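Colleague: Protein chains in written order, with this note's numbering: chain A, 1 to 526; chain B, 527 to 846.
Note that beta-carbon positions come from the ideal geometry of N, C-alpha and C, so glycine has one too.
Here the structure is a predicted model, which is why all the values come from computation and not from measurement.
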Amino acid sequence: MNSNKLTNKNVKDERFTFAHENIKLHDHKLKTKARGYFADAFFRFTRNKASVTASIIIGLILLFALFVPILTPTSVQTIMDPYYAKKGPRNTILYNIGVNGSQSKVLTNRVLYYELGKGVAAEFSEENPVVTIEESRKSKYQPVVKYGKATEANYGDSSARYKAAVDQYLAVGFKYISIEQSRYLEMRAWEEEKNLKLFYPLIASNEWTFGEGSPDAANYWYKATNRNDPVKIVGGQAVPIPYAPDMVFEDNYMRDASNNFVYYVHTGGGSFETAQYKVRVLYYNYYQYIYGREPNYIFGTDSQGYSMIYRLSTGVRLSLIIAVLVSTINFVIGALYGAVEGYYGGATDLVMERISDILAGVPFVVTVTLFQLHFAAKVGSFVGLLFAYVATGWLGTAASVRTQFYRYKNQEYVLAARTLGASDNRIMWKHIFPNTLGTLITSSVLVIPGVIFSESMLSYLGIIKVGGATTTSLGTLLSDASAIWTSYPSLMIFPALIISLLMISFNLFGNGLRDAFNPQLRGSDS
Amino acid sequence: MGKYILKRLGLLVFTFFVIITISFFLIRLLPQEMPLEPNLQALIKARWEALGYNKPIIVQYGIYLRNIFTKFDFGTSWKIALTTPAVEVMGSRILPTVIVNLYSLILSIPVGISLGIYAAIKKNKWQDHLISTVVIIFVSVPSYVYAFLVQYFFYFKLRWVPTNVMYSLADAGGSYFTAKMFSSLILPVLALSFGEIAGLTRFTRAELSETLTSEYMLLARTKGLTRGQATTRHALKNAMVPIFPMLIASFIGILGGSMIIEQIFSIPGVGSLYLMSINQLDYDIFMLETVFYTFIGLTAGIVVDISYGFIDPRIKMGKK
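1. Mind checking if Y488 (chain A) is an interface residue toward chain B, Cβ cutoff 8 Å exclusive?
2. Please check if any C-beta of chain A sits within less than 8 Å of the C-beta of L684 (chain B).
3. Mapping the DSSP letters down to three states, classify I79 (chain A) as helix, strand or coil.
4. May I have the straight-line CA-CA distance separating K528 (chain A) from N285 (chain A), to the nearest angstrom?
5. Starting from G700 (chain B) and walking both ways along the alpha helix (DSSP H), at which residues does that stretch end?
6. Express the C-alpha separation of M352 (chain A) and V368 (chain A) in angstroms, rounding to a whole number.
7. Please report how far the alpha carbon of Y287 (chain A) lies from the alpha carbon of N206 (chain A), in whole angstroms.
8. Taking CB distances under 8 Å as the criterion, tell me whether A399 (chain A) reaches chain B.
9. Three-state secondary structure (DSSP) at N228 (chain A)?
10. Answer with yes or no whether the minimum CB distance from S456 (chain A) to chain B is below 8 Å.
11. Using 10 angstroms around the beta-carbon of M813 (chain B), count the other beta-carbons present and answer buried if the total reaches 16, otherwise exposed.
12. Taking 8 Å as the threshold (beta carbon to beta carbon), is V665 (chain B) in contact with chain A?
13. With H, G and I counted as helix, E and B as strand and the rest as coil, what does DSSP make of N764 (chain B)?
14. Taking the alpha carbon of S139 (chain A) as the point to measure from, which residue in A:A150, A:G117, A:K149 and A:E127 has its own alpha carbon closest?
15. What does F791 (chain B) touch in chain A if you count any residue whose Cβ is under 8 Å from its own?
16. Going by DSSP, which residues form a beta bridge with D167 (chain A)?
17. Name, please, each residue of chain B whose Cβ falls closer than 9 Å to the Cβ of V466 (chain A).
18. Considering just the uninterrupted stretch of the alpha helix (DSSP H) at K533 (chain B), what are its terminal residues?
19. Check for me: the alpha helix (DSSP H) holding G305 (chain A) runs from which residue to which?
20. Tell me the DSSP bridge mates of V279 (chain A)?
21. Under 8 Å, Cβ to Cβ, is there at least one residue of chain B near T363 (chain A)?
22. Along the stretch 668 to 701 of chain B, where does the CB come closer than 7 Å to a CB of chain A? Name the residues.
23. Just to confirm the assignment, what range does the beta strand (DSSP E) spanning A238 (chain A) have?
24. Around the C-beta of T748 (chain B), are 16 or more other C-beta atoms found within 10 angstroms, so that it is buried, or is it exposed?
25. Anything in chain B within Cβ reach of Y169 (chain A), meaning under 9 Å, just list it in chain order.
26. With distances taken Cα to Cα, identify the nearest neighbour of A761 (chain B) among B:T752, B:L718, B:G795 and B:M743.
27. Examine chain E for any beta-carbon lying closer than 8 Å to the beta-carbon of T825 (chain B), and answer yes or no.
28. What residues of chain A sit near S549 (chain B), judged by a beta carbon separation below 8 Å?
29. List, in order along the chain, the chain B residues whose C-beta lies closer than 8 Å to that of N507 (chain A)?
30. Spatial neighbours of L628 (chain B) within its chain, please: C-beta separation below 7 Å, excluding the five flanking residues on both sides.
31. Mind checking if H374 (chain A) is an interface residue toward chain B, Cβ cutoff 8 Å exclusive?
32. Comparing the C-beta of D40 (chain A) with each C-beta of chain B, is any distance below 8 Å?
33. For R747 (chain B), which of helix, strand or coil comes out of DSSP?
34. Residue range of the beta strand (DSSP E) that Y147 (chain A) falls in?
35. Let's see if you can read the secondary structure: which residues bound the alpha helix (DSSP H) around S785 (chain B)?
36. Please classify P582 (chain B) as buried or exposed, where buried requires at least 16 neighbouring CB atoms within 10 angstroms.
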């Protein structure tokens, strides 16, 4: 088209001027700051609310896994108290807002008053041997936190039922222990110093003693029938005491000839140091005597009696270490393998692809099992598991690197590099590889939740057993809880919750990374 | 197409054979454990001698292959069900696995696809955001967590179902298809379905929202179709191209089942048999399970690839 024909009839020719008449035309320096690929990806990532939230959660979990083991004193880490195993969360400071280690139960008269009786017995003192239930309700040793009104229901018998919350730590009540005399004196001194009561009178053995020889024998301290209904003795005859809030238990403590309470019996040994005594202690205080702390377990205790929060933090740490190691090793192997496959192509590719096919065909669970059966005894379960993950884990990475290499290797810039004399090595790693990094990083991050999940599943199924006395994995915690969680839900809730949180946040984080590195994929799969 | 299928089948046989060979040697090389009871020990030793278990391993391998091809004999169970052929032990366990997974698929496919379609149609509205958020949570949370949750709420709290584990065959009246058996399968089916539904929803939403924004949709609207017509006739059809092979893979996958769900709900399926075989070191069963899982995995892969060619005529198989 001729430019002369473009003149406008309404505008005179002289009013037209050349736009760039006095300006030199050349490239301007960019006024804005240039932003590289990674900076750009980071910018996009921070715009995604979901993945930022996920990063914060991951950060918090990381802090949890890092600092809880450090901040937990070694003395607390090693506490493994069999009587305080499988308990719920309890904390003396948060006691009144519900973190009281209690379990809700529906109790019969007999059991409710048995539990209340533990609190009554704990308030016993030489000066005031008879304590009412009302008085004991204020005691810090009363296991029954609260109980509702009696309800009559169809339970097969006509006795009343109460909905009660019972502190499972205090419900341990009293225990018989066997100690040496020196220890006994030491404990007596400790009682004085701390003003806490350890020793309580032993229980007499007579026709009103219930449950002799049972693990809870030290808790049956009141005179009772052979069904553990409390009785009082009137003229040598046992008369049942009707259950009521104002009832008074009649104690069945052992007394000596001069009617003093007996606190210990000699059970063996001769000299001062070796003499053995059987004593009855209030376990809650005895725990403080042994470990020098009150039983404060914010997440409760695990199936063996370790602090759950400590076990969880080491479990998260172990799971994350496995996951990150696997992800890193797979990244390296996958990148190398995929690069060679994709770059050289042809026969090399064909052979290497067949090898990948075969490895990919082996079911993962079989790989893990075989590694466990063959190597776990030699190199340990942890290393065996790591090998199993690495054996086939890199296949996905290799496949995606291979695709990317196929895509880029015939592009002009690669040809240009080759013309300029760049070696294969340089072309592969300097020119092509950086193009695959975005996809690679994304898939490596998404490996982490996969590993955490499968580790927990394999541990749960008992195929692998990582961790031991000092460390544990999340899956092991779950599998320990698997048979008993219906009675002790906290053992399952905390590990399951933290695994779910980890999975959700790592998936969100990975999706966010993918969207950031490949904006054209955004939302395609989320 | 035919040539491509043949080539894939050939590769499948080759891969399968190599995996089986490696697994056979690795499993036979594991240390054997004899039962403590002397009579039993003598019996097993005599049987092993007769079956050639004491010959060099390469000869054992020959015998193994020969027995498979001539008698379809994959060895014998020595621990779980003494001297019963492995194929029989496993055969009795396929049905429970298939039933549970089939029920789960019957539940999840319609729900998952409908939710996915709904989310894609309402893309970027609050319904879509709600579904997508719930989906990411449900996809991420491990299936055993659902198993505990459904057990806890539907059985221990609400008592909506009569049991928290699967009834044994005898308890349920001798068949897997009684109403009583079905009532005990509700919980495992639910536990399996949550993840499945979430996965399908996500996939359907992604595929359909891509087709909904494509140009032929614009054309369809321009030529006068309503939005509903265009969606069902054009977008949905095209979105089904990748969804369908995925469903086929799921159907093949039901044979394999879920080990952890079978373990938690004590379903006597192939997954729990696998666990039994490695706990009791019953190697012939372990070997058969390996063969089984490998076969399912490889078959699923090839069927999915080939089904693309049948579903979408545009995809020419075997051409790069």
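Modeller: Considering the structure as presented:
1. Taking the first sequence and counting its residues from 1, the one referred to as residue 488 (chain A) is at position 488. Y488 (chain A) does not count as touching chain B.
2. Counted from its first residue, the second sequence places residue 684 (chain B) at position 158. No, L684 (chain B) does not count as interfacial toward chain A.
3. Against the first sequence, residue 79 (chain A) aligns to sequence position 79. The three-state reading of DSSP puts I79 (chain A) in coil, since its state is none of H, G, I, E or B.
4. An answer regarding residue 528 (chain A) cannot be provided, because it is not within the stretch 1 to 526 covered by chain A.
5. Walking along the second sequence from the start, residue 700 (chain B) turns up at place 174. Per DSSP, G700 (chain B) belongs to no alpha helix (DSSP H) and is neither H nor E.
6. Locating residue 368 (chain A) in the first sequence gives position 368, where the first residue counts as 1. Locating residue 352 (chain A) in the first sequence gives position 352, where the first residue counts as 1. The C-alpha of V368 (chain A) lies about 23 Å from the C-alpha of M352 (chain A).
7. Looking up residue 287 (chain A) in the first sequence gives position 287. Looking up residue 206 (chain A) in the first sequence gives position 206. Looking at the two C-alpha atoms, the distance is approximately 30 Å.
8. For the purposes of this step, residue 399 (chain A) is taken as the residue at position 399 of the first sequence. Under the Cβ criterion of 8 Å, A399 (chain A) is not counted among the residues facing chain B.
9. By one-based count along the first sequence, residue 228 (chain A) stands at place 228. In this structure, N228 (chain A) counts as coil in the three-state DSSP scheme.
10. Counting from 1 along the first sequence, the entry for residue 456 (chain A) is found at position 456. True, the Cβ-Cβ gap to chain B drops below 8 Å.
11. Position 287 of the second sequence, counted from the first residue, corresponds to residue 813 (chain B). If you draw a 10 Å sphere on the C-beta of M813 (chain B), you find 16 or more other C-beta atoms in it, and that means buried.
12. Taking the second sequence and counting its residues from 1, one reaches residue 665 (chain B) at position 139. Chain A, which has a Cβ nearer than 8 Å to the Cβ of V665 (chain B), makes this yes.
13. Translated into positions along the second sequence, residue 764 (chain B) becomes position 238. It is helical.
14. Taking the first residue of the first sequence as position 1, residue 139 (chain A) is located at position 139. Distances from the CA of S139 (chain A) to each of A:A150, A:G117, A:K149 and A:E127 were compared; the closest alpha carbon is that of A:G117.
15. Looking up residue 791 (chain B) in the second sequence gives position 265. Close to F791 (chain B), with beta-carbon spacing below 8 Å, lies no residue of chain A; the smallest spacing is near 12 Å.
16. Stepping through the first sequence from its first residue, residue 167 (chain A) is reached at position 167. According to DSSP, which records beta bridges pairwise, D167 (chain A) is partnered with A:S102.
17. By one-based count along the first sequence, residue 466 (chain A) stands at place 466. Under the 9 Å cutoff, chain B gives no residues; its nearest Cβ is about 16 Å from V466 (chain A).
18. One-based indexing of the second sequence puts residue 533 (chain B) at position 7. Per DSSP, K533 (chain B) belongs to the alpha helix (DSSP H) from G528 to R554.
19. Reading the first sequence from its first residue, position 305 is the one you call residue 305 (chain A). In this chain, G305 (chain A) is not harboured by any alpha helix (DSSP H), its DSSP state being neither H nor E.
20. Position 279 of the first sequence, counting from 1, holds the residue named residue 279 (chain A). A:I177 and A:Y264.
21. Locating residue 363 (chain A) in the first sequence gives position 363, counting from the first residue. It is worth fixing the name first, because residue 363 (chain A) is Pro in this sequence and not Thr. Answer yes: the Cβ-Cβ gap between P363 (chain A) and chain B drops below 8 Å somewhere.
22. Those residues of the stretch 668 to 701 of chain B placed with their C-beta closer than 7 Å to a C-beta in chain A are P668, Y670, V671, F674 and F682, ordered along the chain.
23. Locating residue 238 (chain A) in the first sequence gives position 238, counting from the first residue. Note, A238 (chain A): beta strand (DSSP E), Q237 to P240.
24. As a working note, residue 748 (chain B) is residue 222 in the second sequence. By the neighbour-count rule (16 or more Cβ atoms within 10 Å), T748 (chain B) is not buried but exposed.
25. The residue labelled residue 169 (chain A) in the question sits at position 169 within the first sequence. Here the premise fails: no neighbours, minimum Cβ distance about 24 Å.
26. The sequence position of residue 761 (chain B) within the second sequence is 235, counting from 1. Per the Cα distances, B:M743.
27. Although the question refers to chain E, the structure presented lacks it and instead comprises the protein chains A and B.
28. Sequence index remark: in the second sequence, residue 549 (chain B) carries index 23 (1-based). Those within 8 Å of S549 (chain B) in chain A are V362, V366 and L370.
29. What you label residue 507 (chain A) is simply residue 507 of the first sequence in a count that begins at 1. Those within 8 Å of N507 (chain A) in chain B are I662, V665 and S666.
30. By 1-based counting over the second sequence, the position of residue 628 (chain B) is 102. Contacts found: I780.
31. If you number the first sequence from 1, residue 374 (chain A) lands on position 374. Proximity of H374 (chain A) to chain B, defined by a Cβ-Cβ separation below 8 Å, is satisfied.
32. The sequence position of residue 40 (chain A) within the first sequence is 40, counting from 1. Closer than 8 Å to the CB of D40 (chain A) there is not a single CB belonging to chain B.
33. As a working note, residue 747 (chain B) is residue 221 in the second sequence. R747 (chain B) falls in the helix class under three-state DSSP.
34. By one-based count along the first sequence, residue 147 (chain A) stands at place 147. That run of the beta strand (DSSP E) goes V144 to Y147.
35. One-based indexing of the second sequence puts residue 785 (chain B) at position 259. The question names Ser, yet the displayed sequence has Met at residue 785 (chain B). Its alpha helix (DSSP H) spans residues M785 to I790.
36. As a position in the second sequence, residue 582 (chain B) is number 56, starting the count at 1. Burial call: exposed.
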